Amino acid sequence: LEQQYRQAQKMEPVGRLAGGIAHDLNNLLAPILGYSELLATDLTENDPRRAAVEQILYAGQRARDLIRQLLAFSRKQTLTFRSININELLSQFHRLLRRTIREDIQINLHLADPLPNIQGDTGQLEQVILNLAVNAQDAMVGSGELSFQTALAVPDDAERAEMDLGQAGPHVLLTITDTGIGMDGDTCAQVFEPFFTTKGQHSGTGLGLSTVYGIIKQHKGAIGVTSKPGRGTTFTIHLPATDRNLNQVEEEREASHPQVQ
Ligand code: ADP
């Protein structure tokens, strides 16, 4: 099984630039939206100019939605870090996810227990899970499976270099797999870039995964993607483990997989 691993690109300066432009565009849009709304209400139902004004309104509203997302993406959020167990976060978030994702998609959780904690911002990590889940849903036509798996991982130096992972030592590994349409290598290489989308300008903004990338970076983690057209996609997230309950995790691992002397 040939798989592609692509490392996300650095894009902080792009994000800042995009934020600045978004802010200016937002100001320019206000009169366009305001006056076209005014015109639309002034024109009678059968006035031929009404359709044209409604087109302006529609495009303006769509631009406004896009700019909102852009601002949310580029705004440097101040994160509130606390000790989080990813298993607990997934178990709790699962309920909301179940209500959000189409019913014909099965959602599986495979949680390694025990799992060390990480330092993280709950809301932002939920955003990560939601964005990945919605993308997985978009990639699955009809029924499919969306799986979340947690594990303890200790990347070696080569793996850390490949993932651009700053910290040595144990990490929590979160894998998100779908049985969707997958991607070719070319697409995989671009998914984390802001504005990259294959969904067409009316349904995709191309900001979902760049937001995910930014959040994972702020957590000093790494995200990668492997995919195969027609088979599905796997996103791999590494987050540095905190040593809070690491000793306990390692003791239990030793007990269940005793080393051969
Ligand atoms: P958007 O969803 O608005 O297109 P994203 O940044 O979230 O923006 O995703 C960028 C692109 O990456 C998508 O348009 C799609 O081509 C691809 N993609 C993301 N997740 C998946 C997935 N799970 N399966 C297949 N393709 C995906």
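Under full-length UniProt numbering, the first residue of the sequence shown carries the number 416, and numbering increases by one thereafter. Beta carbons are placed, not taken as given, at the ideal position from N, Cα and C, and that holds for glycine. Given the structure is predicted, the values throughout are model-derived calculations rather than measurements.
Between A656 and I533, which are expected to be in contact by the criterion C-beta below 8 Å, what is the C-beta distance as a whole number of angstroms?
With a Cβ gap of about 6 Å, A656 and I533 count as contacting.
Is any heavy atom of ligand 1 found at a distance shorter than 7 Å from the C-beta of V606?
Yes, since a heavy atom of ligand 1 falls inside the 7 Å radius drawn around the Cβ of V606.
P585 vs P529 beta-carbon contact at 8 Å
No.
Please report the Cβ distance between H653 and L580, rounded to the nearest whole angstrom; I am assuming they are in contact, meaning their Cβ atoms lie under 8 Å.
That pair is a contact at about 6 Å.
Suppose the cutoff is 8 Å on Cβ atoms and the five residues either side in sequence are ignored; what does the same chain contact list for A455 look like?
Within the same chain, A455 has close Cβ partners R465, V468, E469 and L472.
Collapsed DSSP secondary structure at P446 in the structure displayed:
Three-state result, P446: helix.
Does the segment 606 to 615 come close enough to the segment 625 to 633 that 3 or more CB-CB pairs lie under 8 Å?
Yes: at least three Cβ pairs fall under 8 Å.
Roughly how many angstroms lie between the CA atoms of E460 and T537, to the nearest whole one?
About 49 Å.
Please determine whether the Cβ atom of L481 lies at a distance below 7 Å from any heavy atom of ligand 1.
Proximity of the beta carbon of L481 to ligand 1 is not indicated: no heavy atom of the ligand is located closer than 7 Å.
Here's the rule I'm using: 16 or more other beta-carbon atoms within 10 Å means buried, otherwise exposed. How should N523 be labelled?
With fewer than 16 other Cβ atoms within 10 Å, it is exposed.
Look at the alpha carbon of L505 and the alpha carbon of T495, and state the distance between them as a whole number of angstroms.
For L505 and T495, the distance between alpha carbons rounds to 18 Å.
Fully enclosed by the segment 486 to 519, which beta strand (DSSP E) runs are 3 residues long or longer?
Along the segment 486 to 519, the beta strand (DSSP E) occurs as fully enclosed runs of 3 or more residues at 497 to 499, listed in sequence order.
So, L486 versus H525, is the Cβ gap smaller than 8 Å?
In this structure, L486 sits away from H525, with a CB-CB distance that is not shorter than 8 Å.
Does DSSP classify V587 as helix, strand or coil?
Note: V587 maps to strand in three-state DSSP.
List in chain order: all unbroken beta strand (DSSP E) runs of 3+ residues lying wholly within the segment 553 to 639.
559 to 568 and 586 to 593, all fully within the segment 553 to 639.
Residues near Q419 in its chain [Cβ-Cβ closer than 7 Å; skip 5 each side]
Note on Q419: pLDDT 49, under 50, position unreliable in the model; the coordinate value appears next. Closer than 7 Å at the Cβ level, and outside the excluded window around Q419, lie G600, C603, T641 and S642.
Nonlocal neighbours in the same chain, by C-beta distance under 8 Å from D462, ignoring five residues either side
Closer than 8 Å at the Cβ level, and outside the excluded window around D462, lies no residue.
Could you give the first and the last residue of the continuous beta strand (DSSP E) run that contains G535?
It spans I533 to G535 - the beta strand (DSSP E) in which G535 sits, taken as one unbroken run.
Tell whether a beta-carbon distance below 8 Å holds between Q553 and K614.
One point to set straight first is that residue 553 is Asp, not Gln, in the sequence displayed. Yes; because the gap between Cβ atoms is below 8 Å, this pair is in contact.
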